[in-house]
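In what follows, a single structure is set out as structure tokens and then discussed.
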Amino acid sequence: MLHFSLNSLIVFSTVVKLKSFSKAADVLCMTQPGVSHHVAQLEAQTGIKLINRENGAFTLTKEGRTVYKYAERIGAITWELDDKILAIRKNREPSLSIGTTINYARNIMPFIVGGFQRRAPNIAIKLDSGPSIEMEKTLLSGRNDVIIVAHQHLSKKIQAFPFVNEELMLITAKNHALAKRKAVSLADISPYPFIIREDGSATRSVVLDAFSRLNILPSVLTEANSTEFIKEWVSQGKGVSILIRRAVENEENDSLTVIPLLEPLFLQVSVAYLKSKKYDHTVLAFIAYLKELMASPDPRGLLLSNKEINKSAS
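Going by my numbering, the first residue of the sequence shown is number 750, and it counts up by one from there.
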């Protein structure tokens, strides 16, 4: 018979991995006292001191390091077994359908999906992409299980939480009159032909709302649902546009000039799923992975925390 609780072992492993009781509580959807209770319970059950606490921080004891090494392996096998049991019940392999924007499908989802598949190799991933408003429809219809989008007004049937804030930037051709500016205002932009995202785009909504708040009418030349089309037209000098930094930063020294806005604009990207699926194991596993990703360091700069974005905006 085991001399410890499996749940407490997994909680302990998560605390050590994230180096934080509070971050572990968020990822595991628990209270911080609940996390502390599980760690204390594991120490009591094993009769081993696992953690030394001092001044709000903690270090592992020698015995704690040994237990953590096994706890990490046991946790991974436990999640894998849980997935397999569910798959057997459904008589099929577990799968997860994820919908997102075209920009995210190209720039960030390979990193996210790759990391999740290493965590849960038995879950088959299906990736769908399109405008945010269309992705919401796929969620409501059941085509996708989770969506990562920037749509601002989601259905009441949907549960969502903030994931990333994306900064919006002006793009111009290299020889444009605004190209040498260090920053521009929306008023500076208004006289020039403006290429805007299509109806239903979250970027379009944020940009038009910003112009409206300042009682400015942009000189809209055309609408387009393709970021690549917009970048090409802008590079040819046919107009200017506002897009997320992530979509244009690679072209900055080639064919486009990317300029910050004096009235900083940000696009909040959220993770969303149906409230009716809040107990679906594959959905919960993916959400836990995303929250862990948000709580961890981001050396490649693929994710920017809300705190970092807000700090840069202030």
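Every residue gets a Cβ at the ideal spot worked out from N, C-alpha and C, and that includes glycine.
Cutoff 6 Å; reference residue i; Cβ partners in own chain excluding five residues on either side
| i | result |
| --- | --- |
| residue 939 | 965 and 967 |
C-beta atoms of residue i and residue j nearer than 7 Å
| i | j | result |
| --- | --- | --- |
| residue 854 | residue 878 | yes |
| residue 762 | residue 842 | no |
| residue 774 | residue 907 | no |
| residue 753 | residue 795 | yes |
| residue 858 | residue 850 | no |
| residue 862 | residue 872 | no |
| residue 772 | residue 1044 | yes |
Beta-carbon proximity list for residue i, same chain, < 7 Å, skipping 5 on both sides
| i | result |
| --- | --- |
| residue 1046 | none |
| residue 756 | 787 |
| residue 813 | 799 and 800 |
For residue i, the three-state DSSP class (helix, strand or coil)
| i | result |
| --- | --- |
| residue 968 | strand |
| residue 1058 | Caution is warranted here: a pLDDT of 34 is assigned to residue 1058, below 50, making its placement in the model unreliable, and no coordinate value can be reported. |
| residue 792 | helix |
| residue 820 | helix |
| residue 908 | strand |
| residue 881 | helix |
| residue 815 | helix |
| residue 802 | strand |
| residue 914 | strand |
| residue 826 | helix |
Spatially closest choice to residue i from the options, by CA coordinates
| i | options | result |
| --- | --- | --- |
| residue 715 | 813, 897, 766 and 764 | Only positions 750 to 1063 of the chain appear in the structure, and residue 715 is not among them; the question remains open. |
| residue 844 | 822, 812, 819 and 894 | 894 |
| residue 727 | 1019, 829 and 921 | For residue 727 there is no data in the structure shown, the boundaries of the chain being 750 and 1063. |
| residue 834 | 784, 1036, 1030 and 1042 | 1030 |
| residue 1017 | 1009, 910, 984 and 980 | 910 |
| residue 781 | 797, 795, 794 and 764 | 764 |
| residue 1025 | 1015, 862, 904 and 870 | 904 |
| residue 1036 | 864, 971, 970 and 999 | 864 |
| residue 914 | 802, 1039, 776 and 993 | 993 |
| residue 996 | 1010, 977, 1003 and 1008 | 977 |
| residue 974 | 941, 888, 1028 and 948 | 948 |
| residue 941 | 950, 912, 971 and 952 | 971 |
Beta-carbon proximity list for residue i, same chain, < 8 Å, skipping 5 on both sides
| i | result |
| --- | --- |
| residue 963 | 935, 936 and 1012 |
| residue 983 | 920, 921, 922, 944, 989, 990 and 1005 |
| residue 1014 | 916, 917, 955, 956, 959 and 991 |
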